[in-house]
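2 protein chains.
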Amino acid sequence: MQAIEKLADFLRTLGNPTRLMIVKELTAGQKCVGEVENILKISQANASQHLHILKSNDIVDCIRQGTTRCYFLKDPELIQNLLKLIEQKLP
Amino acid sequence: MQAIEKLADFLRTLGNPTRLMIVKELTAGQKCVGEVENILKISQANASQHLHILKSNDIVDCIRQGTTRCYFLKDPELIQNLLKLIEQKLP
DNA sequence: ACATTTTATTCGTATATTATTATATTATGA
DNA sequence: TCATAATATAATAATATACGAATAAAATGT
Numbered sequence: 001m002q003a004i005e006k007l008a009d010f011l012r013t014l015g016n017p018t019r020l021m022i023v024k025e026l027t028a029g030q031k032c033v034g035e036v037e038n039i040l041k042i043s044q045a046n047a048s049q050h051l052h053i054l055k056s057n058d059i060v061d062c063i064r065q066g067t068t069r070c071y072f073l074k075d076p077e078l079i080q081n082l083l084k085l086i087e088q089k090l091p
Numbered sequence: 101m102q103a104i105e106k107l108a109d110f111l112r113t114l115g116n117p118t119r120l121m122i123v124k125e126l127t128a129g130q131k132c133v134g135e136v137e138n139i140l141k142i143s144q145a146n147a148s149q150h151l152h153i154l155k156s157n158d159i160v161d162c163i164r165q166g167t168t169r170c171y172f173l174k175d176p177e178l179i180q181n182l183l184k185l186i187e188q189k190l191p
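Those protein sequences? They're chains A and B, same order as listed. Take the first sequence: its letter number 47 is residue 47 in my numbering, and every next letter is one higher. Take the second sequence: its letter number 14 is residue 114 in my numbering, and every next letter is one higher.
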């Protein structure tokens, strides 16, 4: 795939309020699906769906821990620098 | 509007291949609609529409120059730093 | 093996996004 | 004023996305 497409995919994936909130939560450390569900007050299916999209786009990964699945940022520094950069400017 | 929504809007606006290419072109300097149209080989209407979306989201602005309209990045540094940051990481 | 807990998937529906086509607007020059 | 060039807008159709409801799958403990 073209580099520009990959870049656009990355940005579009983050360009959703729910996914952005998930990612922000994950900057504080890994969370399982149920935690994301409770913190953001979204349905279990929706949490799982968004996490799947984030995983498909290589933004998060997960490990099984017993019956739960812990999701975490694949590149926390990238995400944090990105958010810092934009948040400084936007408001 | 919530900060998170603004942030998501910003990212979603950039998260489209055509708009991303437009923005990349604009990092090299301002361009009028016809130039964008020719460089990216997209229709005039499409170029104008994408530029409108970029303008609505405060990513570009424009000035009239006779019968043409020159579009330019409102914050070139932000865009350049953003692209640099991501492109370094994204393989 | 069964029940429970946690997560994933499927499906339907509503909404959003995108590109195309056609038309309108705006400024300029003859 | 009229014609032209450049850009904007509107309407449409195709596709994508988001969410909820229901169901399935996977692992654990009894």
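Idealized CB from N, CA, C, for every residue including glycine.
| Check | Outcome |
| --- | --- |
| By the criterion of Cβ-Cβ separation under 8 angstroms, what are the contact partners of K89(A) in chain B? | D175 and L178 |
| Taking R119(B) as the reference, which of T168(B), L178(B), Q188(B) and N157(B) has the closest Cα? | N157(B) |
| Is F72(A) close to chain B, meaning its C-beta is less than 8 angstroms from at least one C-beta of that chain? | no |
| Which residues in chain A have a C-beta closer than 7 angstroms to the C-beta of A108(B)? List them in chain order. | G15, N16, P17 and L20 |
| Would you mind giving the Cβ-Cβ distance between E137(B) and P17(A), rounded to the nearest angstrom? I have them listed as a contact below 8 angstroms. | Not a contact, Cβ separation roughly 32 angstroms. |
| Within 10 Å of its beta-carbon, does T13(A) have 16 or more other beta-carbons around it, so buried, or fewer, so exposed? | buried |
| Using a cut-off of 7 angstroms between C-beta atoms, extract the partners of I142(B) located in chain A. | By Cβ distance, chain A contributes nothing, its closest Cβ being about 14 angstroms from I142(B), past 7 angstroms. |
| Quick one: list the residues of chain A neighbouring L185(B), beta-carbon separation under 8 angstroms, in chain order. | L78, N81, L82 and L85 |
| Whole angstroms is fine: what's the gap from E25(A)'s alpha carbon to D61(A)'s? | 14 angstroms |
| Just tell me which of A47(A), T27(A) and V23(A) has its CA closest to the CA of G34(A). | A47(A) |
| Compute the Euclidean distance between the alpha carbons of H52(A) and Y171(B), then round it to the nearest angstrom. | 37 angstroms |
| What residues from chain A crowd round L111(B), counting only those whose CB sits closer than 7 angstroms? | L11, L14 and G15 |
| Here's the rule: buried if 16 or more other CB atoms are within 10 angstroms of the residue's CB, otherwise exposed. What is A108(B)? | buried |
| When you compare only the Cα positions, how much space is there between L54(A) and Q144(B)? | 34 angstroms |
| Starting from D61(A), trace the beta strand (DSSP E) both ways and give me its first and last residue. | V60 to Q65 |
| Along the beta strand (DSSP E) that carries T168(B), what are the first and last residues, could you check? | T168 to L173 |
| In chain A, which residues lie less than 7 angstroms from L137(B) when you measure between Cβ atoms? | Correcting the residue type first, residue 137(B) is Glu in the shown sequence and not Leu. Under the 7 angstroms cutoff, chain A gives no residues; its nearest Cβ is about 18 angstroms from E137(B). |
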